[in-house]
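*Asks:* Residue numbers (our numbering), protein chains in the order written: chain A, 1484 to 1781; chain B, 1484 to 1781. I have a structure I would like to understand better, so I am pasting it below and will then ask my questions one at a time.
Listed below in structure tokens is the structure:
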């Protein structure tokens, strides 16, 4: 087959990628060609627009380094990351809803005892975070591992200012106690714009969109026999809840970061100044595959 | 609107990009979101597959530099470049069909007199190229500008070996004579693989495809009042005509690179050894917009 025109080229490319040995690669390649060609066919780009598209993708790739992942920002801001997350987490009742991981997660954050203050050298309004981790059937999960990370009150994460502060802060790992409870101190995070000095920032501007995310605390929670939960809890009073640039907000993930007067806090700490208090009770979904494997092994 | 799940996220993103002030940016953004989400929804990528996709795009961008454009290779090998070309050149009868520009075109190639040998320091089987340039109604076009470029008999262009050869070769600009004719000498080009040591090469391998293009000579032909023609002429005996990796072959663009015995060639040159002869008569499409402008000015 040769002589391709706009009515035959798509079938020709589909025929060509059928040679893929791996079934999944063949399936993804065929779907990519169909949808990509349908997009091109709908917009009928001029040669100059095609060149602009090539240039946009090239600049997006070249903006990436070990501290910046512009293609993840593109996926996030086009709603692709949330769509992939949603399809991978069709959540049963009782389990906490998921949202995107984001670019600021760090593996092997330092472990702290329950009740620790993880704000390190960062100043801000004190925030007490409390909660529980349970099964979807409300049975407490003791010893669950909780990774937590969030921004400072200017919207910057520790990894964005590591040269200045020299250590991880507003980031830690905890384990729930025998009743599935956890609690720790930090500072209240702020809303922040995603990095927008690159191609994705230009795209957002051209689309008439702001680059902001509402204030939130990230959680990753793992327990044996359960699917690891990746989510955020958002501040109920934030102005960007309805327009989160990465479409990550869900009503069930919004809580009051309640203003508390000076005095004895819920964990017994004596506070000389007002602070905020966030409580969230998490539910983990059973990992049925892992359970079956455990049952077979037993 | 918040609380996006896999049934609502697409409408949410579409709603968001509606804020684009520029109509075309809004139209392209909306189409991109619809088709991209449809692709993701069809393949339901795992989190690991999504990461592999991000990594592929990132590596493709980072493979690009001033001598290599990996995203154009991706567009070419997925048939997108030919689709865009086809939609931009719905050719009327009498006009030569178009094909992709490719990555080896150079602006301002050296102009040579008709009959010149442009092979420079490159050795190979001599090739006489002759032909005419006419309107779609077969009227000869005198003074049309012809840019020509092609590979050597190992499949490499001059720009890929400029450090060694030190000058342009197998590349030139000519002007047709008063009867719309042109002729020049060079060497016969060979089939060649597109650069395949990057992400696109890995993709082709995974899709069970070879990276080869059939032997061809590139032409770009411009004349006042006509749309500039970008095309190739392919060698009729090439084994890759049916499987050109970038889908660029059209039957009307195939010609014999005819074997000729030693003796007097068509332009009067005495050849002591056998050579090849390629003839192609090109037809240019009228540029009605330009003509209307000329008529208004007259």
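Glycine included, each C-beta is placed from N, C-alpha and C at the ideal position.
1. Check this for me: beta carbons of residue 1670 (chain B) and residue 1635 (chain B), under 9 Å apart or not?
2. Roughly how many angstroms lie between the CA atoms of residue 1539 (chain A) and residue 1682 (chain A), to the nearest whole one?
3. Quickly, what does DSSP pair residue 1742 (chain B) with across the bridge? List them, please.
4. Do the region 1631–1647 of chain B and the region 1723–1734 of chain B touch if we need at least three Cβ pairs shorter than 8 Å?
5. Assuming residue 1767 (chain A) and residue 1689 (chain A) form a contact by the criterion Cβ under 8 Å, report the distance between their Cβ atoms to the nearest whole angstrom.
6. Can you tell me which of the three DSSP states residue 1676 (chain A) falls into?
7. Thinking just about the alpha-carbon of each residue, which of B:1662, B:1620, B:1621 is nearest to the one in residue 1597 (chain B)?
8. Can you give the Cα-Cα distance for residue 1576 (chain B) and residue 1727 (chain B), rounded to whole angstroms?
9. Quick check: is the beta carbon of residue 1547 (chain B) nearer than 9 Å to any beta carbon in chain A?
10. Quick one, are the C-beta atoms of residue 1587 (chain B) and residue 1632 (chain B) less than 9 Å apart?
11. Between which two residues does the beta strand (DSSP E) carrying residue 1718 (chain A) extend?
12. Spell out the partners DSSP gives residue 1754 (chain B) in its beta bridges.
13. What does residue 1531 (chain A) pair with, by DSSP beta-bridge criteria?
14. I'd like to know if residue 1489 (chain B) contacts chain A, where contact means its C-beta is closer than 9 Å to some C-beta of that chain.
15. Scan the region 1547–1570 of chain A for residues whose Cβ lies nearer than 9 Å to a Cβ of chain B and list them as they occur along the chain.
16. List, in order along the chain, the chain A residues whose C-beta lies closer than 9 Å to that of residue 1544 (chain B)?
17. Please compile the residues from chain A whose C-beta is within a distance smaller than 9 Å of the C-beta of residue 1730 (chain B).
18. Going along chain B, which residues have a C-beta under 7 Å from residue 1529 (chain A)?
19. List the residues that DSSP assigns as beta-bridge partners of residue 1705 (chain A).
20. Please list the partners that residue 1505 (chain A) has in chain B, where partner means a Cβ-to-Cβ separation under 8 Å.
21. Nearest to residue 1534 (chain B) by alpha carbon, out of A:1514, A:1614, A:1564, A:1528?
22. Residues of chain B with a CB under 8 Å from the CB of residue 1508 (chain A): which are they?
23. Along the chain, which unbroken stretches of the beta strand (DSSP E) at least 3 residues long are found entirely within the region 1569–1642 of chain B?
24. Select from B:1771, B:1583, B:1610, B:1529 the residue whose C-alpha is nearest the C-alpha of residue 1702 (chain B).
25. Could you say which of B:1747, B:1609, B:1603 lies nearest to residue 1651 (chain B) if we only look at CA atoms?
26. Helix, strand or coil: which one does DSSP assign to residue 1488 (chain A)?
27. Going by CA-CA distance only, name the one from B:1620, B:1762, B:1656, B:1595 that's closest to residue 1630 (chain B).
28. In angstroms with no decimal places, state the Cα-to-Cα distance between residue 1660 (chain A) and residue 1545 (chain B).
29. Residue 1738 (chain A) and residue 1716 (chain A) look like a contact to me (Cβ under 8 Å); what is the Cβ gap, rounded to whole Å?
30. On the criterion of 16 or more Cβ atoms from any shown chain inside 10 Å, does residue 1615 (chain A) qualify as buried, or is it exposed?
31. Interface residues of chain B around residue 1512 (chain A) at Cβ under 7 Å?
32. List, in order along the chain, the chain B residues whose C-beta lies closer than 7 Å to that of residue 1695 (chain A)?
33. Between the alpha carbons of residue 1628 (chain B) and residue 1581 (chain B), how many angstroms are there, rounded?
34. I need the DSSP call for residue 1766 (chain B), collapsed to helix, strand or coil.
35. What is the C-beta distance between residue 1493 (chain A) and residue 1511 (chain A), in whole angstroms, given that I count them as a contact (C-beta under 8 Å)?
36. Under 9 Å between the Cβ atoms of residue 1579 (chain A) and residue 1765 (chain A)?
*Replies:* Quick answer:
1. The residue labelled residue 1670 (chain B) in the question sits at position 187 within the second chain. The residue labelled residue 1635 (chain B) in the question sits at position 152 within the second chain. Yes, they are a contact pair.
2. Position 56 of the first chain, counted from the first residue, corresponds to residue 1539 (chain A). Position 199 of the first chain, counted from the first residue, corresponds to residue 1682 (chain A). Rounded to whole angstroms, residue 1539 (chain A) to residue 1682 (chain A) spans 7 Å at the Cα level.
3. In the second chain, residue 1742 (chain B) corresponds to position 259, counting from 1. DSSP output for residue 1742 (chain B) lists B:1759 as bridge partner(s).
4. no
5. If you number the first chain from 1, residue 1767 (chain A) lands on position 284. If you number the first chain from 1, residue 1689 (chain A) lands on position 206. Not quite, the Cβ-Cβ distance comes to about 41 Å (not below 8 Å), so this is no contact.
6. Position 193 of the first chain, counted from the first residue, corresponds to residue 1676 (chain A). Strand, per DSSP.
7. Start at 1 with the first residue of the second chain, and residue 1597 (chain B) comes out as number 114. Among B:1662, B:1620, B:1621, the Cα nearest to that of residue 1597 (chain B) belongs to B:1662.
8. Locating residue 1576 (chain B) in the second chain gives position 93, counting from the first residue. Locating residue 1727 (chain B) in the second chain gives position 244, counting from the first residue. The straight-line gap from Cα to Cα measures roughly 25 Å.
9. Along the second chain, read from residue 1 onward, the residue named residue 1547 (chain B) stands at position 64. It does; some Cβ of chain A falls within 9 Å.
10. Taking the first residue of the second chain as 1, we reach residue 1587 (chain B) at position 104. Taking the first residue of the second chain as 1, we reach residue 1632 (chain B) at position 149. Yes; because the gap between Cβ atoms is below 9 Å, this pair is in contact.
11. Here residue 1718 (chain A) refers to the residue found at position 235 of the first chain. Note, residue 1718 (chain A): beta strand (DSSP E), 1712–1718.
12. Within the second chain, numbered from 1, the residue matching residue 1754 (chain B) stands at position 271. B:1746, per the DSSP bridge assignment.
13. Sequence index remark: in the first chain, residue 1531 (chain A) carries index 48 (1-based). Per DSSP, none; premise fails for residue 1531 (chain A).
14. Residue numbering aside, residue 1489 (chain B) sits at position 6 when the second chain is read from its first letter. Answer yes: the Cβ-Cβ gap between residue 1489 (chain B) and chain A drops below 9 Å somewhere.
15. 1547, 1552, 1553, 1554, 1555, 1557, 1558, 1560, 1561, 1562, 1563, 1564, 1565, 1566, 1567, 1568, 1569, 1570
16. If you number the second chain from 1, residue 1544 (chain B) lands on position 61. Those are 1540, 1541, 1542, 1543, 1544, 1545, 1546, 1547, 1553, 1554, listed as they occur along chain A.
17. Within the second chain, the letter at position 247 stands for residue 1730 (chain B). The answer, in chain order, is 1485, 1487, 1492, 1495, 1496, 1499.
18. Your numbering for residue 1529 (chain A) matches position 46 in the first chain. Here the neighbours are 1571.
19. Here residue 1705 (chain A) refers to the residue found at position 222 when the first chain is read from its first residue. The partner list for residue 1705 (chain A) (beta bridge, DSSP) reads A:1628.
20. Residue numbering aside, residue 1505 (chain A) sits at position 22 when the first chain is read from its first letter. Those are 1689, listed as they occur along chain B.
21. By 1-based counting over the second chain, the position of residue 1534 (chain B) is 51. Here the closest residue by C-alpha is A:1564.
22. Position 25 of the first chain, counted from the first residue, corresponds to residue 1508 (chain A). Ordered by position in chain B, the residues that pass the 8 Å Cβ test against residue 1508 (chain A) are 1689, 1690.
23. 1609–1618, 1628–1633
24. In the second chain, counting from the first residue as 1, residue 1702 (chain B) sits at position 219. Of B:1771, B:1583, B:1610, B:1529, the residue nearest in Cα terms is B:1583.
25. Taking the second chain and counting its residues from 1, the one referred to as residue 1651 (chain B) is at position 168. The shortest Cα separation from residue 1651 (chain B) among B:1747, B:1609, B:1603 belongs to B:1603.
26. Here residue 1488 (chain A) refers to the residue found at position 5 when the first chain is read from its first residue. DSSP places residue 1488 (chain A) in coil when its eight states are reduced to three.
27. The count along the second chain starts at 1 and reaches residue 1630 (chain B) at position 147. When each option's Cα is compared against that of residue 1630 (chain B), the closest is B:1656.
28. If you number the first chain from 1, residue 1660 (chain A) lands on position 177. If you number the second chain from 1, residue 1545 (chain B) lands on position 62. Taking the straight line joining both Cα atoms gives about 47 Å.
29. Your numbering for residue 1738 (chain A) matches position 255 in the first chain. Your numbering for residue 1716 (chain A) matches position 233 in the first chain. Rounded, the Cβ-Cβ distance is 5 Å, consistent with contact.
30. By 1-based counting over the first chain, the position of residue 1615 (chain A) is 132. Counting Cβ neighbours within 10 Å, residue 1615 (chain A) comes out buried, since at least 16 surround it.
31. Looking up residue 1512 (chain A) in the first chain gives position 29. Result: 1690.
32. For this step, residue 1695 (chain A) is matched to residue 212 along the first chain. Within chain B, no residue comes near residue 1695 (chain A); the closest Cβ sits about 13 Å away, beyond 7 Å.
33. The residue you call residue 1628 (chain B) lines up with position 145 of the second chain. The residue you call residue 1581 (chain B) lines up with position 98 of the second chain. Going from the Cα of residue 1628 (chain B) to the Cα of residue 1581 (chain B) covers about 17 Å.
34. If you number the second chain from 1, residue 1766 (chain B) lands on position 283. The answer is strand: DSSP assigns residue 1766 (chain B) an E or B state.
35. Your numbering for residue 1493 (chain A) matches position 10 in the first chain. Your numbering for residue 1511 (chain A) matches position 28 in the first chain. About 16 Å separates the two Cβ atoms, so there is no contact after all.
36. Here residue 1579 (chain A) is taken as the residue at index 96 of the first chain, counted from 1. Here residue 1765 (chain A) is taken as the residue at index 282 of the first chain, counted from 1. Yes, Cβ-Cβ distance for residue 1579 (chain A) and residue 1765 (chain A) is below 9 Å.
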